[in-house]
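Numbering (my numbering), first residue to last: 77 to 964.
Glycine included, each C-beta is placed from N, C-alpha and C at the ideal position.
Keep in mind it's a predicted model, so treat the numbers as computed, not measured.
(1) If you pair each beta-carbon of the region 418-438 with each one of the region 447-463, do three or more pairs fall below 8 Å?
(2) Return the CA-CA distance between residue 722 and residue 611, expressed in angstroms with no decimal places.
(3) Identify, in the order they occur along the chain, each residue of the same chain with its Cβ nearer than 7 Å to the Cβ of residue 416, setting aside the five sequence neighbours on each side.
(4) Which of the three DSSP states is assigned to residue 454 in this structure?
(5) For a quick check, are the C-beta atoms of residue 927 and residue 756 less than 8 Å apart?
(6) Under a three-way DSSP split, which group does residue 768 fall into?
(7) With C-beta atoms as the reference, is residue 956 less than 8 Å away from residue 870?
(8) Are the C-beta atoms of residue 245 and some chain B residue less than 8 Å apart?
(9) Let me know the secondary structure DSSP gives residue 334 once reduced to three states.
(10) To which residues of the same chain is residue 794 closer than 6 Å at the C-beta, ignoring the five residues directly before and after it?
(11) Just how far apart, CA to CA, sit residue 573 and residue 775?
(12) Straight-line CA distance for residue 344 to residue 338?
(13) Taking the CB atoms as reference points, tell me whether residue 771 and residue 684 lie closer together than 8 Å.
(14) Between residue 203 and residue 877, what straight-line distance do the alpha-carbon atoms span, to the nearest angstrom?
(15) What do you reckon, are the CB atoms on residue 706 and residue 644 nearer than 8 Å?
(16) Locate the alpha helix (DSSP H) running through residue 541, then write down its first and last residues.
(17) When DSSP labels each residue in this structure, what does residue 477 get in the three-state scheme?
(18) Grab me the residues of residue 206's own chain with a C-beta within less than 6 Å of its C-beta, minus the 5 sequence neighbours each way, in chain order.
(19) Do residue 216 and residue 968 come within 8 Å of each other at the CB atom, strictly closer than that value?
(20) Apply the 10 Å Cβ neighbour rule to residue 710 and answer buried if 16 or more other Cβ atoms are within range, or exposed otherwise.
(21) By the 10 Å Cβ neighbour count, where 16 or more other Cβ atoms means buried, how is residue 473 classified, buried or exposed?
(22) Can you tell me which of the three DSSP states residue 197 falls into?
(23) Taking Cβ positions, are residue 909 and residue 890 nearer each other than 8 Å?
(24) Going by DSSP, what residue range makes up the beta strand (DSSP E) through residue 867?
(25) Rounded to the nearest angstrom, how far is the Cβ of residue 864 from that of residue 827, given a contact under 8 Å?
(26) Hey, could you find the ends of the alpha helix (DSSP H) residue 678 is sitting in?
(27) Quick one: what does DSSP say residue 635 is sitting in, helix, strand or coil?
(28) Counting only runs that start and end within the region 613-669, where is the alpha helix (DSSP H) found for 4 or more residues in a row?
(29) Suppose you measure from the CA of residue 535 to the CA of residue 762; what does that come to, to the nearest Å?
(30) What is the rounded straight-line gap between the Cα of residue 362 and the Cα of residue 271?
(31) For my contact list, residue 919 and residue 937 are in at a C-beta cut-off of 8 Å; report their separation, rounded to the angstrom.
(32) Can residue 267 and residue 194 be called in contact, C-beta distance under 8 Å?
(33) For the structure I just gave you, are there three or more beta carbon pairs, one from the region 800-815 and one from the region 557-565, closer than 8 Å?
(34) How big is the Cα-Cα spacing for residue 860 and residue 939?
(35) Residue 758 and residue 279: beta carbons closer than 8 Å?
(36) By Cβ distance, which residues of its chain are closer than 7 Å to residue 371, with the 5 residues on each side in sequence left out?
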């Protein structure tokens, strides 16, 4: 900050680029005023004035040091520190130069006017960060003394408890956030409200949403009144919705300063705030503001003396980004979140996204001829373009049935999106003779597996095939020198691995088809639980075998008193702990078995489809924590649970066979059921094999990428090895060229973007214009205050909540209710101790649901914002039969 920096700037001298001087609110007001929008006149005290005021505080350095001691979840410390900082600043005299500058502007604008005094922080109203409302606002300020006092209190409000915690939680350093103060002529508003140039609830970019109430906007912002709500279609400037609220109160300015709350008359309470012409005029003005900023805006407005005024505009930070989800043919496209299907909704780095798109490139490549055109990226997540199959009646029902397995609300959400007139239902699909022949051949192959093929021991053959393929890939890639040729080979490996998977796809589909037929026709003799038991405790399932092996490791630890004692001292440094274990006299057998486990399953881990994330072979802390937790149980208890499932399966099979044998054609029915059950037992265990193989391939590729990143850094192509994750495969292919772009220059922006994406909640379904239809569960007799979701594993259990965000650093005590955004196979070890499961995403056939049924624990999934609404230590009752979570 130089000495020439002005203490005060009028709106007429402010542009968007002045944000460092006047903050987000001030910069936007100046920009709108300059663009000709009806903005009430005013001025800003710049950050130079704020710095001068802070410098005038005798112990400012010590106060900032105190602020640095506040942790993100430490409300009490924030309260104590905030109170001390605020009191010190309130006792600080206003520097004379600032007082004189304010008085001069006040006289120019009019000493007989009332003013609104608002804060404008340099970190607010920015894309990805909404500081708005974190500092205080003072309305209808009159007179010099009150004006200066309001300015001082605005500065002090930078250190309210909520503002301090918000900065800590969003990693904004306190010293870096400067505060400007906006002083603006007060509009004696007869009507006021908020306008969103995109629907903030559904994300629909073509809908303008207006909230309106009588009087000043403070009543609406503070929640004193329910506003009228209007929605306007931008494309044809038509009002598509009126919702007239019962507006009981309003806030109006007092003649001598301050405000008053007034109870409205019965007639005015239910009267529309805005007429139709006013709604359309305001919407048109909002569209002009959006056009000016070239992004959806959140606008505060007021109406007085027959004229609209704009009091503020800022980006809508809650909208999910759709830059990567554009329609290729300008029609409305519908996308499904792959993260919901994979139970992994975290944002992924560009190379992680690009890896998944390369794997899927077999179903249509994009312009770069490397990544899939049907898997697109938005907000750091992968979305599947369902438009083509949804346009065809037959494939539409296939999509509905498939997605219902992952989220019960998905089909209805898609139906709502398809009701929009922009969605083209004409599919235009034409199948060639060769395509039809291939499809018929595939279905014939499934039929052959169901009724003719000898599938006994089929899973062993596939395991051998996978081992051979992985070894061949490792040999091939290791033989190539690091560089463009090796990168090209990695891409080819990713793009062609699906060909290996085709060796067991018909068998897996046949196993699932057999299961559905047994459930459909077997319900005459067996209960749903018994029909479910037919698929439990099967040998050859990757996840089941992994969990049994993990339990066996715990039993090995019990044989060593030294190891058992060392597990009691397990901390967050897994590698140091393992080094200590290697020094023990009797740890050899355990460490050998441990290494064998990592060789077999080490490519797994939390968020395992994200190649960037640490997997167990890199960070095994989760596994060690699970072993430590298992030591609290009886030896062999995991095997006992598995044997119980085997006995239940055998009993269920016997019951259905006995039932099928009764009556006419009993002998034929028995043959059919025995065949179907045999196919289930031999083929349904292949469910995880494709992912298991892909993970082993990604482990090989990741190890080579780590070496490549070091080379690129040494060649000054990258600033640091970790930057490689912020590039895509097409970029990694060209980075070796002499005329390659300066990819290192784009890394900082991509890193910041990824951090912003990580804070967003991805929608289950989203359209190419950003709409995410909202659908909710409905259980008529649910207890008040209950949370509702999709019941996926039966039973009722009461227990204590444990909210877990990172299974690498958090563990679950026996009997606790696991609450998570999602789970994937990397979370499976935690299920050993779980008494129940609650997830924000998921459906009947997603990983957590399947494992919950395998372990016999009640589970409810698809519970929106469960990790925010439920807290660790809270007692609940889970009803896995009806999808109800009741607070106790």
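To lay it out plainly:
(1) Between the region 418-438 and the region 447-463, the count of C-beta pairs closer than 8 Å reaches three or more; the two stretches touch.
(2) If you number the chain shown from 1, residue 722 lands on position 646. If you number the chain shown from 1, residue 611 lands on position 535. Straight across, the Cα-Cα distance linking residue 722 with residue 611 is about 9 Å.
(3) Taking the chain shown and counting its residues from 1, one reaches residue 416 at position 340. Closer than 7 Å at Cβ, skipping near neighbours: 482, 483, 840 and 917.
(4) As a first step, residue 454 is located in the chain shown; it is residue number 378 there, counting from the start. In the structure shown, residue 454 sits in a strand (DSSP, three-state: E or B).
(5) Residue mapping note: residue 927 aligns to position 851 of the chain shown, counting from 1. Residue mapping note: residue 756 aligns to position 680 of the chain shown, counting from 1. Going by C-beta atoms, residue 927 is not nearer than 8 Å to residue 756.
(6) Reading the chain shown from its first residue, position 692 is the one you call residue 768. Shown here, residue 768 sits in a helix according to DSSP, grouped into three states.
(7) Along the chain shown, read from residue 1 onward, the residue named residue 956 stands at position 880. Along the chain shown, read from residue 1 onward, the residue named residue 870 stands at position 794. Against a cut-off of 8 Å, the Cβ pair of residue 870 and residue 956 comes out as a contact.
(8) Absence of chain B from the displayed structure is noted, only one protein chain being present.
(9) Along the chain shown, read from residue 1 onward, the residue named residue 334 stands at position 258. The three-state reading of DSSP puts residue 334 in coil, since its state is none of H, G, I, E or B.
(10) For the purposes of this step, residue 794 is taken as residue 718 along the chain shown, with counting starting at 1. Cβ neighbours of residue 794 beyond the five flanking positions: 788 and 820.
(11) One-based indexing of the chain shown puts residue 573 at position 497. One-based indexing of the chain shown puts residue 775 at position 699. Taking the straight line joining both Cα atoms gives about 14 Å.
(12) Here residue 344 is taken as the residue at index 268 of the chain shown, counted from 1. Here residue 338 is taken as the residue at index 262 of the chain shown, counted from 1. Taken atom to atom, the span from the alpha-carbon of residue 344 to that of residue 338 is near 12 Å.
(13) The residue you call residue 771 lines up with position 695 of the chain shown. The residue you call residue 684 lines up with position 608 of the chain shown. Yes, these two residues count as a Cβ contact at 8 Å.
(14) Sequence index remark: in the chain shown, residue 203 carries index 127 (1-based). Sequence index remark: in the chain shown, residue 877 carries index 801 (1-based). Confidence is the limiting factor: at residue 203 the pLDDT is only 43, short of 50, which leaves the residue's position unreliable, though a coordinate-based value still follows. As the crow flies, the alpha-carbon of residue 203 is around 35 Å from that of residue 877.
(15) Residue 706 sits at position 630 when you count from the first residue of the chain shown. Residue 644 sits at position 568 when you count from the first residue of the chain shown. The criterion of a C-beta distance shorter than 8 Å is not satisfied by residue 706 and residue 644.
(16) Mapped onto the chain shown, residue 541 falls at position 465. Segment 534-554, the alpha helix (DSSP H) holding residue 541.
(17) Mapped onto the chain shown, residue 477 falls at position 401. In the structure shown, the three-state DSSP call for residue 477 is helix.
(18) Working through the chain shown from its first residue, we reach residue 206 at position 130. With a pLDDT of 44 at residue 206, under the threshold of 50, the predicted position of this residue should be treated as unreliable, though the coordinate-derived value follows. Excluding its 5 nearest sequence neighbours in each direction, residue 206 has C-beta neighbours in its own chain below 6 Å: 393, listed in chain order.
(19) Only positions 77 to 964 of the chain appear in this structure, which leaves residue 968 out of reach.
(20) Within the chain shown, numbered from 1, the residue matching residue 710 stands at position 634. Exposed, because fewer than 16 other Cβ atoms sit within 10 Å of the Cβ of residue 710.
(21) Position 397 of the chain shown, counted from the start, is the residue given in the question as residue 473. Counting other Cβ atoms within 10 Å of its Cβ, residue 473 stays below 16 and is therefore classed as exposed.
(22) One-based indexing of the chain shown puts residue 197 at position 121. If DSSP states are grouped into helix, strand and coil, residue 197 belongs with the strands.
(23) Within the chain shown, residue 909 is the residue found at index 833, counting from 1. Within the chain shown, residue 890 is the residue found at index 814, counting from 1. Contact: yes.
(24) Numbered from 1 along the chain shown, position 791 holds the residue referred to as residue 867. Looking at the DSSP string, the run of the beta strand (DSSP E) that includes residue 867 is 866-869.
(25) Here the question's residue 864 lines up with position 788 in the chain shown. Here the question's residue 827 lines up with position 751 in the chain shown. Rounded, the Cβ-Cβ distance is 38 Å, inconsistent with contact.
(26) Against the chain shown, residue 678 aligns to sequence position 602. Element bounds for residue 678: n/a, residue is neither H nor E.
(27) Within the chain shown, residue 635 is the residue found at index 559, counting from 1. For residue 635, the secondary structure class from DSSP, reduced to helix, strand or coil, is coil.
(28) If you keep only unbroken alpha helix (DSSP H) runs of at least 4 residues inside the region 613-669, you get 618-634, 637-643 and 650-658.
(29) Against the chain shown, residue 535 aligns to sequence position 459. Against the chain shown, residue 762 aligns to sequence position 686. Computed Cα separation, rounded: 7 Å.
(30) Along the chain shown, read from residue 1 onward, the residue named residue 362 stands at position 286. Along the chain shown, read from residue 1 onward, the residue named residue 271 stands at position 195. Approximately 7 Å, taken between the alpha carbons.
(31) The residue given as residue 919 occupies position 843 in the chain shown. The residue given as residue 937 occupies position 861 in the chain shown. Residue 919 to residue 937, Cβ: 7 Å. Contact.
(32) Position 191 of the chain shown holds residue 267. Position 118 of the chain shown holds residue 194. Not a contact, by the Cβ cut-off of 8 Å.
(33) Yes: the two stretches touch, three or more of their Cβ pairs being nearer than 8 Å.
(34) By one-based count along the chain shown, residue 860 stands at place 784. By one-based count along the chain shown, residue 939 stands at place 863. Distance between the alpha carbons of residue 860 and residue 939: 16 Å.
(35) Stepping through the chain shown from its first residue, residue 758 is reached at position 682. Stepping through the chain shown from its first residue, residue 279 is reached at position 203. The answer is no: Cβ separation not under 8 Å.
(36) One-based indexing of the chain shown puts residue 371 at position 295. The residues are 391.
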